[in-house]
Each structure stands twice: as C-alpha cells, then as structure tokens.
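Colleague:
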Amino acid sequence: MSTVRVHALVSGLVQGVGYRWFVRGLADAAGLSGWARNLPDGRVEVELEGPEDDVRAVVAALDGRRAPGSVTGVVQEERPVQGSSGFTTA
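According to my numbering, the sequence shown is numbered sequentially starting from 52.
1) Quick one: Cα of residue 73 to Cα of residue 101, how far?
2) Under three-state DSSP, which class holds residue 87?
3) Residue 103: buried (16+ other C-beta within 10 angstroms of its C-beta) or exposed?
4) Out of 107, 68 and 65, which one is the CA nearest neighbour of residue 99?
5) Thinking residue 132 and residue 71 are a contact (beta carbons under 8 Å), I'd like their distance in whole angstroms, please.
6) With distance defined between alpha-carbon atoms, name the residue in 79, 90, 82 and 109 nearest to residue 62.
7) Measuring CA to CA, which of 120, 140 and 130 is closest to residue 54?
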C-alpha cells in the first residue's frame with residue numbers, strides 16, 4: 052500500500068466546536084501523521100499522511116455525520132510525502 056499526503060481546507064462553522072480535536076482523534080486512531088489548525092478566515096486547515104486507504108477514509112470523514120459544527124465544503128489536494136510522524140493541533 053502506498054503512502055500519501057493530503058492537504059485539506061475545511062469550510063463552514065468549524066472553529067470553536069472541537070473540530071481540530073475530532074480530526075486528531077480520527078488521525079490518531081488510523082495511525083496517521085500531520086496536523087490541523089485554525090485559519091484567520093474561519094476555515095480549518097488539515098494535513099494527513101499515511102497509508103493511502105487510511106488517509107482517504109479520514110478525508111472522507113471530514114464532512115461526515117460525526118463531524119462537529121457544520122461543514123460546508125472540503126477542498127483537498129495531494130502533497131509530496133514528507134515522512135513525518137505524530138499528529139499536532141495548533
């Protein structure tokens with residue numbers, strides 16, 4: 052299975068509702084590395100790296116039924132794999 056890195060920008064009411072911690076829980080459970088942080092414009096920026104199937108499953112959950120707040124959109128793009136470890140929130 053190949054390793055991928057995906058960058059996502061999540062729009063909607065996603066700040067102040069535990070969204071970054073939700074993403075961290077998904078990433079930790081899947082053993083992914085990366086980070087999640089709030090942006091000044093109200094979006095949350097997420098980067099995930101790990102086995103392709105696991106990354107795709109977490110990205111799919113970013114606007115799923117369990118996501119806190121109200122997600123109105125997720126824009127994602129592939130990024131070069133960095134070989135990072137651990138997941139952080141800022």
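Beta carbons: idealized from backbone N, C-alpha and C, even for Gly.
Modeller: Considering the structure as presented:
1) So the alpha carbons of these two residues sit roughly 18 Å apart.
2) Residue 87: strand per DSSP, three-state reduction.
3) That one is exposed.
4) For residue 99, the closest alpha carbon among the candidates 107, 68 and 65 is that of 107.
5) The Cβ separation is near 22 Å, so there is no contact.
6) 90
7) 130
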